[in-house]
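Structure first, then comments.
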Amino acid sequence: MSFGMQHQTDQRGEFIVSADPARLDLDVIHRYLSEESFWAAGIPRDVLERAIAGSLCFGAYDGGKQVGFARVVTDSATFAYLCDVFVLEPYRGRGLAKWLMECVIAHPSLQGLRRFVLVTKDAHGLYQKFGFMPLADPSGYMHIHNPNAYQAGPDSCS
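Take any residue in the sequence shown, count from 1 to its spot, add 70: that is its number in the numbering used here.
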């Protein structure tokens, strides 16, 4: 892996994983998250653009075509939140999600963190391979969760 300018890049055959934001295909990412994901369904493009601008993002590519994505919200010192991880359907089953996670975990900006968290509905097995575990004591965690944030108007709390 190369870590020049914090734009981690790794290549395996025709596939590339890169943290270079200039490579991201916002059309692919927005289409998947807004139309196919259950967690960000309906996310407006401008909201996604702001989220990406404030995050450390990783793309998986088949040549020049983006086929996967992962986003990490982090202060690069103590805390990180992994989210929006996906591999497009035609590319699943090839180990790309595992490799994408290997690159995320290895990134220099994500070393020595006190806490690295994620929320998953159905991919526990993948993330456990990288040390993520269910909360031992969730009683200290609190959150505000608005699952309809992208469907409701700005004045609505439901």
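The beta-carbon is built from N, C-alpha and C at its ideal position, and this holds for glycine as well.
From a predicted model like this one, the values you see are computed outputs, not experimental measurements.
- Tyr211 sits exposed, since fewer than 16 C-beta atoms from the chains shown fall within 10 Å of its C-beta.
- Taking a 10 Å sphere around the C-beta of Phe108, we find fewer than 16 other C-beta atoms and assign the residue as exposed.
- Phe85 is classed as buried because its beta carbon has at least 16 other beta carbons within 10 Å across all chains shown.
- Assignment of Arg141 by DSSP, reduced to helix, strand and coil, places it in the strand class.
- In this model, Gly201 and Arg185 are separated by some 12 Å (Cα to Cα).
- Tyr131 carries a strand assignment under DSSP once its states are collapsed to helix, strand and coil.
- In this chain, Gln181 is not harboured by any beta strand (DSSP E), its DSSP state being neither H nor E.
- Under the three-state reduction of DSSP, Val187 is assigned to strand.
- The beta carbon of Tyr102 is closer than 6 Å to those of Phe156 in its chain, skipping five residues each way along the sequence.
- Excluding five sequence positions before and after Arg141, the CB atoms of its chain that fall closer than 6 Å to its own CB belong to Ser125, Cys127, Cys153 and Asp154, given in chain order.
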